[in-house]
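>
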Amino acid sequence: MAINAAQLDKGLVVSEVNGFVLDQIEKGYITTLRDLLTPVEVVGEGYPLRVTWAPVYGATRAEITSAPVRVGVAVVEEALGDLSMVTAGNAYVVTIPGGKRIASLTLHGMKAANGNSITSQASLPTDPEQHRLVVRAQVGSQAEAPIHTVPFVPARGAIPASLTGASFSSGVLSLPNVLAPKLRLSLAIKSFPEEFSDQPFTLDRVSAVAAVYPTDLQLVDNAGTVLWAFPGEYPSTNPPFDLDLRVNFEPALNAALAAAPDQPLDVTFRLKGKAPSKAGLSFPKPQGALVRDFPDTPIMSVTLAGDPVVLPIADRLADEMPSSVTGDLTITYSGIRILTELSDNLPNGAVSGFVVTDQPVARAYPPQALIDTVLARIGVIGRVPLGVTECELAVQLVQMIGDLPGEPYGAPGVLKLTTETAVRTHWIDVPAGIDLSRGNVGISVRANSGRFLWASADGVPLVKLAIYDPDPGGRALNLNGLHLASVTSADETTTPGKTFPTQQFRSQPPVFDSSLFMTVDVSDLTLRYAR
Numbered sequence: 028m029a030i031n032a033a034q035l036d037k038g039l040v041v042s043e044v045n046g047f048v049l050d051q052i053e054k055g056y057i058t059t060l061r062d063l064l065t066p067v068e069v070v071g072e073g074y075p076l077r078v079t080w081a082p083v084y085g086a087t088r089a090e091i092t093s094a095p096v097r098v099g100v101a102v103v104e105e106a107l108g109d110l111s112m113v114t115a116g117n118a119y120v121v122t123i124p125g126g127k128r129i130a131s132l133t134l135h136g137m138k139a140a141n142g143n144s145i146t147s148q149a150s151l152p153t154d155p156e157q158h159r160l161v162v163r164a165q166v167g168s169q170a171e172a173p174i175h176t177v178p179f180v181p182a183r184g185a186i187p188a189s190l191t192g193a194s195f196s197s198g199v200l201s202l203p204n205v206l207a208p209k210l211r212l213s214l215a216i217k218s219f220p221e222e223f224s225d226q227p228f229t230l231d232r233v234s235a236v237a238a239v240y241p242t243d244l245q246l247v248d249n250a251g252t253v254l255w256a257f258p259g260e261y262p263s264t265n266p267p268f269d270l271d272l273r274v275n276f277e278p279a280l281n282a283a284l285a286a287a288p289d290q291p292l293d294v295t296f297r298l299k300g301k302a303p304s305k306a307g308l309s310f311p312k313p314q315g316a317l318v319r320d321f322p323d324t325p326i327m328s329v330t331l332a333g334d335p336v337v338l339p340i341a342d343r344l345a346d347e348m349p350s351s352v353t354g355d356l357t358i359t360y361s362g363i364r365i366l367t368e369l370s371d372n373l374p375n376g377a378v379s380g381f382v383v384t385d386q387p388v389a390r391a392y393p394p395q396a397l398i399d400t401v402l403a404r405i406g407v408i409g410r411v412p413l414g415v416t417e418c419e420l421a422v423q424l425v426q427m428i429g430d431l432p433g434e435p436y437g438a439p440g441v442l443k444l445t446t447e448t449a450v451r452t453h454w455i456d457v458p459a460g461i462d463l464s465r466g467n468v469g470i471s472v473r474a475n476s477g478r479f480l481w482a483s484a485d486g487v488p489l490v491k492l493a494i495y496d497p498d499p500g501g502r503a504l505n506l507n508g509l510h511l512a513s514v515t516s517a518d519e520t521t522t523p524g525k526t527f528p529t530q531q532f533r534s535q536p537p538v539f540d541s542s543l544f545m546t547v548d549v550s551d552l553t554l555r556y557a558r
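Its first residue numbered 28, the sequence shown is counted upward by one per residue in the numbering used here.
(1) Considering only C-alpha positions, which residue in the set P241, S234 and L292 is nearest to I123?
(2) With Y74 and S350 assumed to form a contact (beta carbons below 8 Å), what rounded beta-carbon distance in angstroms separates them?
(3) Take the Cβ of N22 as the centre, count every other Cβ of all protein chains shown within 10 Å, and call the residue buried at 16 or more, exposed below.
(4) What would DSSP say about Q226, mapped onto helix, strand or coil?
(5) Can you give, in chain order, each stretch of the beta strand (DSSP E) that sits fully within the segment 373-451 and has at least 3 residues?
(6) Taking the DSSP output, what are the residues bridged to Q169?
(7) Just to confirm, are A391 and M427 a CB contact at a threshold of 7 Å?
(8) Please tell me whether S263 and V100 are closer than 7 Å, where the distance is taken between their beta carbons.
(9) Let me know if D462 comes out buried or exposed under the rule of 16 or more other beta-carbons within 10 Å of its beta-carbon.
(10) Is V294 near A215, with beta carbons less than 7 Å apart?
(11) By Cβ distance, which residues of its chain are closer than 6 Å to S196, with the 5 residues on each side in sequence left out?
(12) Please tell me whether V472 has its Cβ less than 7 Å away from any Cβ of chain B.
(13) Quick check on DSSP: helix, strand or coil for N281?
(14) In whole angstroms, what is the alpha-carbon distance linking W255 and L244?
(15) What does the Cβ neighbour count give for G429, buried or exposed, with the cut at 16 atoms within 10 Å?
(16) Out of curiosity, what's the CA-to-CA distance linking A139 and L298?
(17) Would the beta-carbon of P95 fall within 7 Å of that of V337?
(18) How long is the line joining the alpha carbons of V236 and P208, rounded to whole angstroms?
(19) Per the DSSP calculation, V17 is bridged to which residue(s)?
(20) Under the rule that 16 or more other beta-carbon atoms within 10 Å means buried, what is R502, buried or exposed?
(21) When you compare only the Cα positions, how much space is there between L60 and S309?
(22) Any chance the segment 78-96 sits against the segment 270-279, with 3 or more Cβ pairs inside 8 Å?
(23) Using 10 angstroms around the beta-carbon of I326, count the other beta-carbons present and answer buried if the total reaches 16, otherwise exposed.
(24) On the three-state DSSP scale, how would you describe F276?
(25) Among residues of its own chain, excluding the 5 on either side of G126, which ones have a beta-carbon nearer than 8 Å to its beta-carbon?
(26) Are P458 and Y360 close, meaning C-beta to C-beta below 7 Å?
(27) How is the beta strand (DSSP E) around F296 delimited, first residue to last?
(28) Which runs of the beta strand (DSSP E) at least 3 residues long sit entirely within the segment 81-151? Give them in chain order.
(29) Under the DSSP definition of a beta bridge, which residues are partnered with R364?
(30) What are the residues that DSSP puts in a beta bridge with Q531?
(31) Classify R343 as buried or exposed, calling it buried when 16 or more other Cβ atoms lie within 10 Å of its own Cβ.
(32) Using the C-alpha atoms, what's the distance from V199 back to L64?
(33) Report the three-state DSSP secondary structure of A306 (helix, strand or coil).
(34) CA-CA distance, A33 and E156?
(35) From L151 to T242, what does the alpha carbon distance come to, in whole angstroms?
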């Protein structure tokens, strides 16, 4: 069979075009270069099918999504040396040891009746007519019909050319891996098998090279369990065998993970066979992921009330960006939101401010700013200073007289605070029924006991104001400053299988933030790290 241009276009290369490959192409097992299987040694310990994955901190399980293996024929050539040979009329019969397949016979000292050496098809005698080198299988003393000739038998009418597959060059008769206990070699004249007439010739000796196919193949896992086996010889007429090892590699990787969570996962299966055979193998790198889920905290809850809140993951995250992060996201809006246009942000970096004692400190707003506003809560931004065990803080809406607090708009609210290192917003509810229509609204803060550091920016104390609003208005829920969801309903809403931005889940748990007061539940959070 000849390689045509179309097959070359598909990626076959000349160095790989031999008799075996041609046979595989003819049977349709090979159509592109990637279908060619790599010959591998399978004797002894066998050929390793190894999977190694770098560890991921906190990984709880391994998943395999793809682990294909293709096993097929690879041919090993085995030199058999000189064969036992006897004459049979005008023919020579050689005995093949051990049921070997013959890939080639070297015909030493082959001469025609006229004494001329015969070393190739071109040197075959042509007197009185063209001679053919004829190969027959022989069982016992009985020769069978010809199986190959050089040159082959030409087509005749509607009968195609026959007895093809052999060639003769440099004294070597190449055969397509013939299996027979004995081979009978003769020189014959005439064109067609029924007319062949053996002619005399001489032959000193015959040496052989055998073609060994994979034999007694087994694929075993890392515990030695046989996953697949092909007893006896794997014939070239068989197509490659495709295996899916996902269900085998996955538990092996999980066992390795459980045994040493912080170490690379290293699992080896082996393809074994009987000497001296090889096997054809394709084993692309298995695809999958190391997975981190959180069985101890299936639901992680965050309550947002004006300040950013970290997702409560008990431990750090791997210093590797996951390939995917999914979970069910449930949002419950509380009906309160920050009045963003009159509220301040938490300070970044070093914090300065006013130390509030028993003398009130006030924050004034523009005269008309809050006239028509019904406040729900007031949040003062700061902390109890170090060295102060606790503080009782009185927060009151007042009518400002210039920069000084004047008449109150209502009774003060009282906060009891303790020492902490972080600056945050401390909320107090605004009593119902307070009328701010007189304008010039300010907020007065006084320490009934202890002291309070009221954070400021540009000399202005920092405050957040919250109002009642039944409509969340599509305002954003952010994750580390990136938009995660728009809140459009006052009812509880759940998004199953929500995809989270992966870059926010590297090294440290991410932070939720919103101008809305809400509860955020993340359930069945799953981080996958592709491998």
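All C-beta atoms, glycine included, are put in the ideal place defined by N, C-alpha and C.
In brief:
(1) If you number the sequence shown from 1, residue 123 lands on position 96. Closest by alpha carbon: S234.
(2) Taking the sequence shown and counting its residues from 1, one reaches residue 74 at position 47. Taking the sequence shown and counting its residues from 1, one reaches residue 350 at position 323. Not quite, the Cβ-Cβ distance comes to about 30 Å (not below 8 Å), so this is no contact.
(3) The chain is shown only over 28 to 558; residue 22 falls outside these bounds and no answer can be derived.
(4) To locate residue 226, count along the sequence shown from 1; it is residue 199. Three-state result, Q226: strand.
(5) 380-383, 388-391, 402-410, 417-428, 431-435 and 440-445
(6) Here residue 169 is taken as the residue at index 142 of the sequence shown, counted from 1. In DSSP, Q169 forms a bridge with V166.
(7) The sequence position of residue 391 within the sequence shown is 364, counting from 1. The sequence position of residue 427 within the sequence shown is 400, counting from 1. Cβ atoms of A391 and M427: closer than 7 Å.
(8) Taking the first residue of the sequence shown as position 1, residue 263 is located at position 236. Taking the first residue of the sequence shown as position 1, residue 100 is located at position 73. Yes, Cβ-Cβ distance for S263 and V100 is below 7 Å.
(9) Here the question's residue 462 lines up with position 435 in the sequence shown. So D462 ends up on the exposed side.
(10) Mapped onto the sequence shown, residue 294 falls at position 267. Mapped onto the sequence shown, residue 215 falls at position 188. No.
(11) Residue mapping note: residue 196 aligns to position 169 of the sequence shown, counting from 1. Taken in chain order, the residues that qualify are S147.
(12) Among the chains in the structure shown there is no chain B, since it carries only a single protein chain.
(13) In the sequence shown, residue 281 corresponds to position 254, counting from 1. Reduced to three states, the DSSP call for N281 is helix.
(14) Stepping through the sequence shown from its first residue, residue 255 is reached at position 228. Stepping through the sequence shown from its first residue, residue 244 is reached at position 217. The straight-line gap from Cα to Cα measures roughly 8 Å.
(15) The residue given as residue 429 occupies position 402 in the sequence shown. Burial state of G429 is exposed, judged by a 10 Å Cβ sphere holding fewer than 16 other Cβ atoms.
(16) Within the sequence shown, the letter at position 112 stands for residue 139. Within the sequence shown, the letter at position 271 stands for residue 298. Going from the Cα of A139 to the Cα of L298 covers about 49 Å.
(17) Locating residue 95 in the sequence shown gives position 68, counting from the first residue. Locating residue 337 in the sequence shown gives position 310, counting from the first residue. Going by C-beta atoms, P95 is not nearer than 7 Å to V337.
(18) Residue mapping note: residue 236 aligns to position 209 of the sequence shown, counting from 1. Residue mapping note: residue 208 aligns to position 181 of the sequence shown, counting from 1. In a straight line, the C-alpha of V236 is about 15 Å away from that of P208.
(19) Shown here, the chain extends from 28 to 558; a query on residue 17 therefore has no answer.
(20) Your numbering for residue 502 matches position 475 in the sequence shown. R502 should be labelled buried.
(21) Translated into the one-based positions of the sequence shown, residue 60 becomes position 33. Translated into the one-based positions of the sequence shown, residue 309 becomes position 282. Caution applies to L60, whose pLDDT of 46 falls short of 50 and renders its modelled position unreliable; the value that the coordinates give is listed next. The alpha-carbon atoms of L60 and S309 are separated by roughly 12 Å.
(22) yes
(23) Here residue 326 refers to the residue found at position 299 of the sequence shown. Label assigned to I326: exposed.
(24) As a first step, residue 276 is located in the sequence shown; it is residue number 249 there, counting from the start. Reduced to three states, the DSSP call for F276 is helix.
(25) As a first step, residue 126 must be located in the sequence shown, where it is residue number 99. Here G126 has L206 and P208 as same chain residues with Cβ atoms under 8 Å from its own Cβ, once five neighbours each way along the sequence are excluded.
(26) Taking the sequence shown and counting its residues from 1, one reaches residue 458 at position 431. Taking the sequence shown and counting its residues from 1, one reaches residue 360 at position 333. No, these two residues do not count as a Cβ contact at 7 Å.
(27) As a position in the sequence shown, residue 296 is number 269, starting the count at 1. Note, F296: beta strand (DSSP E), L292 to K299.
(28) 88-93, 95-100, 103-109, 111-115, 118-122 and 128-135
(29) Taking the sequence shown and counting its residues from 1, one reaches residue 364 at position 337. DSSP, once it has assigned bridges, lists I494 and L543 as partnering R364.
(30) The residue you call residue 531 lines up with position 504 of the sequence shown. Answer is none; Q531 lacks a bridge partner.
(31) Translated into the one-based positions of the sequence shown, residue 343 becomes position 316. R343 comes out exposed.
(32) The sequence position of residue 64 within the sequence shown is 37, counting from 1. The sequence position of residue 199 within the sequence shown is 172, counting from 1. Spanning the two alpha carbons is a distance of roughly 27 Å.
(33) For the purposes of this step, residue 306 is taken as residue 279 along the sequence shown, with counting starting at 1. In this structure, A306 counts as strand in the three-state DSSP scheme.
(34) Mapped onto the sequence shown, residue 33 falls at position 6. Mapped onto the sequence shown, residue 156 falls at position 129. Because A33 sits at a pLDDT of 38, beneath the cut-off of 50, its placement in the model cannot be relied upon, and the following sentence gives the value as read from the coordinates. Each residue's alpha carbon lies about 39 Å from the other.
(35) For the purposes of this step, residue 151 is taken as residue 124 along the sequence shown, with counting starting at 1. For the purposes of this step, residue 242 is taken as residue 215 along the sequence shown, with counting starting at 1. Answer to the nearest angstrom: the Cα atoms are 38 Å apart.
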